[in-house]
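For reference, the structure is listed below as structure tokens.
Residue numbers (the working numbering): 117 to 453.
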């Protein structure tokens with residue numbers, strides 16, 4: 117069970133949890149020239165989509181100094197994933213590792229960051245796809261004042277054609293603060309570029325919160341994080357672990373306590389937080405229904421009285437309007453030429 121007193125913004129060394137497990141390099145050679153970007157793909161028994169993900173990383177347009185790392189959390193040798201990777205043995209900037217033991221999903225995210233040689237780490241799930249000009253678009257944005265670059269996702273349904281992107285011609289990046297997460301964590305869980313030094317500094321990913329979104333919020337709080345105005349990753353719906361009802365329930369439960377801490381960090385008094393939480397919980401459940409599963413019912417939802425929800429909604433919207441004004445006044449946008 118999740119510890120409701122857990123501090124989501126605590127800097128702790130999660131790498132210690134996996135330090136006893138080694139990662140064996142199966143194929144690929146490290147270049148003598150350190151790459152600028154490491155595209156890392158954590159995987160576990162998902163050959164059906166890994167090929168597409170890998171191809172999207174390999175077939176990038178332009179001339180870029182980057183590496184691709186696939187880190188396999190299945191220690192079994194000669195499995196389907198290893199056989200697939202053998203087909204890519206001629207790709208010079210591709211390295212393939214196998215963990216000697218399964219270190220869990222969060223542990224493998226951290227291990228990917230440890231193994232990366234690049235200054236920037238782009239973690240992509242093994243069922244998502246980078247757009248073919250991803251590196252063309254993000255490299256000009258990787259400037260000194262940026263510690264993390266979060267990309268807008270374009271969601272697609274598994275088995276259906278990829279949607280049209282409709283990106284603008286001009287690239288703009290906007291500084292993100294915790295105020296932008298008043299209702300939902302707005303950051304896509306896949307395809308973001310983070311400075312490796314910052315991932316190490318903040319202790320990597322924890323298994324306590326299940327999803328990487330909460331580490332991204334830590335990045336937002338402690339460092340300079342920006343978001344692109346362009347969709348640069350195709351985020352697949354249909355195969356994700358997060359679509360399972362029990363997983364959604366766990367994420368919803370954890371996110372209830374995250375929102376309380378997030379509200380506190382942006383300066384909302386505790387008495388106001390207690391008022392707005394019923395409406396916030398209901399909105400969050402509705403968001404899950406709309407995005408993932410129309411039949412979903414949050415099993416941990418408290419039985420709020422209708423009047424309490426009504427008053428909570430009024431106060432919630434008032435606070436939301438104030439936050440939007442503060443965000444607009446303090447908004448920082450950089451135009452990338």
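For each residue, glycine too, the CB sits at the ideal point set by N, CA and C.
Per DSSP, residue 264 forms a beta bridge with which residues?
For residue 264, which the question treats as bridged, DSSP gives the partners 310, 341.
Rounded to the nearest angstrom, what separates residue 531 and residue 451 at their Cα positions?
There is simply no residue 531 to check, as the chain begins at 117 and stops at 453 in what is shown.
Between which two residues does the alpha helix (DSSP H) containing residue 159 stretch?
Where residue 159 is concerned, there is no enclosing alpha helix (DSSP H), although the beta strand (DSSP E) it sits in stretches over 153-159.
So, using beta-carbon positions, are residue 347 and residue 268 closer together than 8 Å?
Yes, they are a contact pair.
Determine the extent of the beta strand (DSSP E) in which residue 252 is found, giving its start and end residues.
First-last for residue 252: 250-254, but that is the alpha helix (DSSP H), not the beta strand (DSSP E).
Within 10 Å of its beta-carbon, does residue 387 have 16 or more other beta-carbons around it, so buried, or fewer, so exposed?
It counts as exposed.
Report the rounded CA-to-CA distance for residue 192 versus residue 257, giving the unit in angstroms.
Answer to the nearest angstrom: the Cα atoms are 39 Å apart.
What separation, rounded to the nearest whole angstrom, lies between the Cα atoms of residue 146 and residue 439?
Cα to Cα, residue 146 sits roughly 47 Å from residue 439.
Just to confirm, is the Cβ distance from residue 330 to residue 124 under 8 Å?
Against a cut-off of 8 Å, the Cβ pair of residue 124 and residue 330 comes out as a contact.
Assuming residue 247 and residue 281 form a contact by the criterion Cβ under 8 Å, report the distance between their Cβ atoms to the nearest whole angstrom.
Correct: roughly 7 Å between the Cβ atoms.
Short of 7 Å in beta carbon distance, which residues of its chain neighbour residue 262, apart from the five on each side in sequence? Order them along the chain.
340, 342, listed in sequence order.
Of the choices 168, 227, 176, whose alpha-carbon is the least far from that of residue 200?
Minimum Cα distance to residue 200 is reached at 168.
Roughly how many whole angstroms lie between the Cα atoms of residue 394 and residue 434?
Rounded to whole angstroms, residue 394 to residue 434 spans 15 Å at the Cα level.
Under the three-state reduction of DSSP, which class applies to residue 281: helix, strand or coil?
Residue state, collapsed to three classes: coil.
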